[in-house]
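Written below as structure tokens is the structure these notes are about.
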Amino acid sequence: MLQLDASAFERLVVDELDLLPDDMVDGLDNVIFVVEDRPEDGTLNILGLYDGVALTERGQYGFGEMPDRIVLYREPLLAICETLDDLHDEIHITLVHEIAHFYGIDDDRLHELGWG
């Protein structure tokens with residue numbers, strides 16, 4: 002398992018976000034990105050989470066809404082990576098996967114597209 006402290010991990014997440022295509026991130030309105038050590042249940046099986054209402058399921062959405070959250074879990078991501086390059090790749094994949102949920106793409110479709 003790769004070792005990396007929380008602040009260094011967060012810097013990697015920001016770096017990977019900066020590398021994503023503009024057309025993917027420009028539409029992310031009222032979304033925050035969060036790094037947590039583990040999911041609430043303590044499992045290492047979940048790498049990330051989209052916590053919000055997908056664009057395709059929104060009715061009236063406007064001023065005063067709490068932001069959607071995209072959470073990356075540091076310890077599970079570190080647990081599956083042996084190198085820093087592996088970690089960059091897994092963070093990238095997890096970001097794309099969770100951003101896709103924001104746009105209404107479900108897990109089945111993401112698996113079909115190779116982002117599962």
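Numbering (this note's numbering), first residue to last: 2 to 117.
No residue lacks a Cβ here, since even glycine has one placed at the ideal position from N, Cα and C.
For V14, does the count of other Cβ atoms within 10 angstroms reach 16, so buried, or fall short, so exposed?
Per the 10 Å Cβ criterion, buried.
Among residues of its own chain, excluding the 5 on either side of P68, which ones have a beta-carbon nearer than 8 Å to its beta-carbon?
Taking P68 as the centre and dropping the five residues before and after it, the same chain places the C-beta of N31, V32, I33 and G53 closer than 8 Å to its C-beta, in chain order.
Secondary structure at V32, three-state DSSP: helix, strand or coil?
Reduced to three states, the DSSP call for V32 is strand.
Could you give the residue range of the alpha helix (DSSP H) that holds V97?
Its alpha helix (DSSP H) spans residues L85 to F103.
Starting from the Cα of D42, find the closest Cα among I81, T57 and P77 and give me that residue.
Checked all of I81, T57 and P77; the closest Cα to D42 is P77.
Out of G115, H102 and A7, which one is the CA nearest neighbour of E58?
Looking at the Cα atoms, H102 is the closest of the given residues.
For E123: DSSP bridge partner residues:
Outside the displayed range of the chain (2 to 117) lies residue 123, so it cannot be described from this structure.
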